[in-house]
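One line per chain: the protein sequences are A and B, in this order. For what it's worth, the UniProt record's numbering labels the leading residue of the first sequence as 1, then goes sequentially. For what it's worth, the UniProt record's numbering labels the leading residue of the second sequence as 1, then goes sequentially. Quick reminder that beta carbons are idealized off the backbone N, C-alpha and C, glycines included. Data first, discussion second: the structure below is written as structure tokens.
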Amino acid sequence: MLKLVDLTKVYRTEEVETTALNQVNIHIKQGEFVAIMGPSGCGKSSLLNIVGMLDNPSSGQYWFGDEDVAGYGERKLADIRKKNIGFIFQSFNLIDELTVFENVELALLYHDIPARERKERVKEALAKVNIAHRESHLPQQLSGGQQQRVAIARAVVSRPRMLLADEPTGNLDSANGEEVMNMLTELNGEGTTIVMVTHSMPHAQYARRIINLFDGQVVAENLRAA
Amino acid sequence: MFANYLTVALRMLVKHKLYSAITVAGLALGLAAAILIGLFVHNELTYDRDVTDVDRIQQVLVTATLPGRAPEDGASLPMPVGPALKQAFPQVADVARVAAQTSSLKRDETLFSEPAAVADASFFRLFDWPFLAGARATALDDPNSVVLTRKTAAKYFGDADPLGRTLLVDGHLLRVTGVVRDLPPNTQFAFALLLPMDSPANQLPDYLREHWGGLIAMTFLKLKPGADADAIQAGLPAFGAAIPPIRSNTGEVHLGDVFKFFLVPLTEAHLHPVRNAMVEGTSPLEIGIFTAVAVLVLAIACINFMNLATARASLRAREVALRKVVGASRGQIMVQFLGESILLTTLSLILAVALVEMLLPSFTTFLGKPSLAFDYLRDGRVLGCLAALVLVVGGVGGLYPAVFLSAFQPGPVLKGNSGGSGAGGRLRVVLVVLQFAISISLMVATGVVYGQLAYAQGRALGFNKEDVVILTDLYGPDVRKAETLRDALRQDPRIVAASLAQSYPGSGTENNTGVHRPGATVDDGVVLRQDAVDFDYFAALGVPLLAGRVFDRRSAADTLSPADPAHPEKMRHGGLILNRAAVQRLGYPTPEAAVGQLLILPSNLGSAGIEMTVVGVVEDFHQASVHTAVAPQIFFVAPSPSDGQLLIRVKAGEMPGALDLIDRTWRQMMPDRPVPRVFLDAQLQSVYEREIKTGQLFAAFSGLAIVIAALGLFGLASFTAERRTKEIGLRKVLGAGVTDIVRLLVWQFSKPVLVANLIAWPIAWVAMRHWLDGFADRVSLNPLLFVASGLSALMVAWATVGLHAARVAATKPVVALRYE
């Protein structure tokens, strides 16, 4: 599904140069569930941003399917992204001004989908994460767990091939965290590729493979028996 | 998609009420100002468009250059010019002349003064305004006919049909032959009734009707279809040169040298301000200034929008990032934000239209154009202009925020780092500087305009305009009665002085004469303005004496000796008073040196001329506008003037009683004529009316600019105070006091205002220098005015920012630090 070859990301400011990713090589297959772990500042987020096509690498190759997207411009990336990738964030990132329904619908607005079909798919996604009864609430009226479920619904409503989750359980208590992990597992079971950054070892155990990053480099890859 | 944009936009508006209110209010004020100025400018630019074949009508104007005087453009031409042009140029299909006069009309037993005009019968062929009654083609054919405007007809005949009824005009019984609809707000004609040129009520003295030397009538040409105005223009110098020379007391005058005629298309005539126009013209400069003010005020409002939108960008950062994550392209995001800005502008426009509706009556009254309409419901073009305004303002105001906001990188933003909320800060400061530079410049400009106006109407005049009543336009027998009236008034202790004079300052009429020293010839003479006055003239105006003495009624030699028809070869004698400019023009070293000198006023009718002795010199004072330099001039006492004005100075505080006395005495002596009473200061006010209004409009709009800029600063300050809460909490933990914090925030916003001064001052200085150059007599630019404008802007900034600063500074640091 995707292959990173000698991928490097360097951040430059006027005074400092920071290497966030250093010659990273990773291969993720279609349908995999991969967890990325590592201490703060090891480059997890940079990696996820590049994989999610929110950012370009400084050098190296990023093969997405049979295209090297490393040097693509924003417009092209946006196009590939919206067709293939869903995102889940630690801080949920719901838009305060929009209701639950509208937040989820947002993910379909840029897809040329007729309103009626949008409505069906949003309802379907909300039902899947058990939050349909709250569809006209605003995000502030929901608990953290509920908000993250809305965020998952938003991530999957466009039926992406790959789901990127950046510490999806980081802001949740353990019960809600478990619930989110179960949902991700379920989605993976349906065929969605999942790449998840996490600090939590127990949650990383849901993945089939754990990649450890340290100082911008892959230091270990553990493949777990399914 | 659009529904989603709209939802977000409206909810953002409602959620952030303060910012929405500031942005919308600022834009609404700016748009309202722009609409009002737009109405004004559009009106000024569309004068006299409503006649058939308007592009074939040309107005003939004249540049008159009197020796020793600056050239001056005028609308009034010698009476023979029009017919002569028609004869000289075959391209001319028709010509019409019109001259203004004031007529008294009688209704029942009451007399009214009305603005009237005498016109050629061809007038309504050129200006084919719709007639409500009567036949336009023949309305002015009969000498005893009169055409009324609708309003005049209603005033004198009520609901009755006026056609064929008679009306007493200046003592002549005339028959109403037509009623024309009221003159539109954008026409350069101003009259309540129109009389044929050969009407018995035409007040023009007979000799002027064929005289090439008097500037009398506005003259219009209608060209034949396809005729080229430039060809006529090219022939005008030769036309001028062919005018037969006239004999005057400065010798033989070739009018082609003095008068340069030129054509201006009727549609542009209003934009060519000239002397003696019925309706004062507007200079393109003035229109440019007002257009610029509208653009500047709008710019300030747009800047508010940009600044608040980008300052608060962090609030939208997450939304933008998310939209990008789910696939929005940058273009789509930009469209969304531009749309929001256009939505906001539309809301502001609705408010602005309401504001304009509220202000329009006072605005039109102020402009003196009560029929000026803002017809946005029925006139598609107005609606189109408003839509264009929204697109331009919304586009300009929204473009930068759209570019700025759509540039957010989703990665960092979604990770929780707010992502560049501090970015754009420098540009914001630049924009605030720009706003205040504009505001300060406008304030300085307002100050200079007002200073100059006060100067022009006060000290610079050179006489005391207060407490002077004038009985105007006295002719023939009226003058004799006015002399009796004057002598009666002089007995009353409430009257300081009463004097007959040929003209009064601001009246616009003037006479000139050649003057030379004894022994010199006519050709060595100079042309000076002359005014026949009366003994108490200088006392009535309060003009200071520089040397010698004023006229004395006990000195018989002061009065010009009457002409003796039996002995035209006998030299006449009289006393003369010069003004300071005349002393210089005649070449005397000092005013004292001029006293006692003899001067010759050559006569033009073969008689011997007049030998005058200078008895005194008075200080210069402005007879015309302060725009022009004081003309060198002479004053003498005429034995029995044929026309004049009675100037009456009333003791301060005694005006009501004195007016009563004047009116009562007048009615006893002249029951057939309404009291032609005006106040000198009011008359002068009308000379400066345009400038006074310009000044007031300027003041209003620059005040508005400041208010809008302050609104923006208020929003920005409240935002900054919010954003810096954490920093301020930390500072307080580290020991900063409330005053330190207030100083910190106030200083942050003082800097841009101070920098704005540095930009505004030189610009304002250059611009106002240029404006003042249009006045012969002007104030100097006072640096204090610049400093004061800067300080006022600073005060406004402090007042808006200080409140927030104090509130934030007083918050407990714990609260601040807990703030996320």
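- By the Cβ test, the stretch 126 to 142 of chain A is not in contact with the stretch 54 to 73 of chain A, since fewer than three Cβ pairs between them sit closer than 8 angstroms.
- The three-state reading of DSSP puts residue 516(B) in strand, counting E and B together.
- Around the beta carbon of residue 668(B), fewer than 16 other beta carbons lie within 10 angstroms, which makes this residue exposed.
- Per DSSP, reduced to three states, the secondary structure at residue 438(B) is helical.
- Under the 8 angstroms Cβ criterion, the stretch 21 to 38 of chain B does not count as touching the stretch 399 to 416 of chain B, having fewer than three qualifying pairs.
- Residues of chain B with a Cβ closer than 8 angstroms to the Cβ of residue 93(A) are, in chain order, 318, 321, 322, 414.
- Per the DSSP secondary-structure output, residue 224(B) pairs with nothing in a beta bridge.
- Taking a beta-carbon distance threshold of 8 angstroms, residue 339(B) does not count as an interface residue toward chain A.
- The Cβ-Cβ distance between residue 327(B) and residue 111(A) falls below 8 angstroms.
- Assigned with DSSP and collapsed to three states, residue 50(A) falls in helix.
- By alpha-carbon distance to residue 105(B), the top candidate from 155(B), 52(B), 168(B), 163(B) is 168(B).
- Inclusion of residue 630(B) and residue 577(B) in the CB contact set at 8 angstroms is not warranted, their separation being larger than that value.
- The beta carbon of residue 54(B) lies closer than 8 angstroms to those of 48, 266, 267 in the same chain, with the five residues before and after it left out.
- Take residue 30(A), set aside five residues on each side of it, and the residues of its chain with a beta-carbon closer than 7 angstroms to its own are 1, 193, in chain order.
- Nearest to residue 676(B) by C-alpha distance, out of 10(B), 103(B), 74(B), 4(B), is 103(B).
- Restricting attention to beta strand (DSSP E) runs no shorter than 3 residues, the stretch 192 to 225 of chain B encloses them at 193 to 196, 218 to 223, ordered along the chain.
- In this model, residue 570(B) and residue 86(B) are separated by some 44 angstroms (Cα to Cα).
- For the stretch 388 to 417 of chain B, the set of residues with a beta-carbon nearer than 9 angstroms to any beta-carbon of chain A comprises 409, 410, 411, 412, 413, 414, 415, 416, in chain order.
- When DSSP states are grouped into helix, strand and coil, residue 291(B) belongs to the helix group.
- Interface annotation, residue 336(B): not in contact with chain A, CB-CB separation never under 8 angstroms.
- The alpha-carbon of residue 13(A) is positioned some 12 angstroms away from that of residue 19(A).
- Contact check for residue 66(B) against residue 626(B) fails: the beta carbons are separated by 8 angstroms or more.
- By the rule that beta-carbons nearer than 8 angstroms mark a contact, residue 159(A) does not touch chain B.
- Contact residues of the stretch 128 to 143 of chain A toward chain B are absent (C-beta to C-beta distance below 8 angstroms).
- Cβ contact annotation for residue 346(B) (same chain, cutoff 8 angstroms, sequence separation greater than five): 390, 394, in chain order.
- The C-beta of residue 425(B) comes no closer than 8 angstroms to any C-beta of chain A.
- Taking 8 angstroms as the CB threshold, residue 326(B) lines the interface with chain A.
- Note: residue 8(A) is bridge-paired with 59(A) in the DSSP secondary-structure output.
- Residues of chain B whose Cβ lies closer than 9 angstroms to the Cβ of residue 123(A) do not exist, since the nearest Cβ in that chain is about 17 angstroms away.
- At a cut-off of 8 angstroms between beta carbons, residue 720(B) makes no contact with chain A.
- As a beta-bridge residue in DSSP terms, residue 72(B) pairs with 64(B).
- DSSP places residue 115(A) within a helical segment (H, G or I) once states are collapsed to three.
- Where residue 537(B) is concerned, there is no enclosing beta strand (DSSP E), although the alpha helix (DSSP H) around it starts and stops at 537 to 541.
- Counted as a single uninterrupted DSSP element, the alpha helix (DSSP H) harbouring residue 43(B) occupies residues 17 to 45.
- When Cβ pairs closer than 8 angstroms are counted between the two stretches, the stretch 42 to 52 of chain A is seen to touch the stretch 206 to 221 of chain A, the count reaching three or more.
- At a cut-off of 8 angstroms between C-beta atoms, residue 75(A) counts as an interface residue with respect to chain B.
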